[in-house]
Each structure stands twice: as C-alpha cells, then as structure tokens.
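Student:
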Amino acid sequence: MRLWLVRHAEVQAPAGLCYGRSDLPAQAEATARAAAQLASQLPQSVALHVSPLQRCEQLAQALCGLRPDLALNFDPRLREMDFGRWEGRPWAG
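For the sequence shown, our numbering begins at 14 and goes up steadily by one.
1. Counting C-beta neighbours from all protein chains within 10 Å, is the total for residue 68 16 or more, i.e. buried, or is it exposed?
2. Rounding to the nearest angstrom, what Cα-Cα distance links residue 90 and residue 60 in this structure?
3. Just curious, the alpha helix (DSSP H) that residue 72 is in, first and last residue?
4. Short check: CB of residue 51 to CB of residue 19, under 9 Å?
5. Within 10 angstroms of its Cβ, does residue 57 collect 16 or more other Cβ (buried), or is it exposed?
6. State the Cα-Cα distance for the pair residue 62 and residue 45, rounded to the nearest angstrom.
7. Run through DSSP, which three-state label would residue 22 get?
Listed below in structure tokens is the structure:
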C-alpha cells in the first residue's frame, strides 16, 4: 500500500502565525497550482482522506474537480492539533 501525505496550500494568514485548528482559508492561486500538480501524479481511483478544515477541503475539492475518479472522505481525526493559548498568535511570541 502506498500512502501519500499532502499538506494544504499556503493559508491566507500573516507569516509566522500559529494557526493549528483555526479554520483559515488557503490562498486560491496556491491551491489551484497544488491541485494541478497532484492531479497528474496521483494514481487512478484512490481515496482522499481529508481534514474538514477549509484549507484542506479547498485543495481536496479542487483536486476532485480535476480528477472525478477520486473518492473524497472527510475525517475529523485529521484536524491539525490545537495550540491552546498559542492559537492565532505569532510564533515569535
């Protein structure tokens, strides 16, 4: 079994922001580029298991738009970890 781990495209947030579970959107242009690259590389008829956070869903939906053979499954267990009091704050503190 081959497992592909794919990260969402760059988010619409200030650089250096700790965003973990914060449901930030991905940049549209970066998402489109990532989907185009992945569409040509993924094997046929594979299942996508995706975090329900919008930045992840955006990439998955764009990819499925290019590759209707892909099966899309949202799994809340794949959400990013919660950074607690750091959530939404700059990493620089």
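From the three backbone atoms N, C-alpha and C, an ideal C-beta is built for every residue, glycine too.
Tutor: Looking at the atomic coordinates:
1. buried
2. 16 Å
3. 67-79
4. yes
5. exposed
6. 19 Å
7. coil
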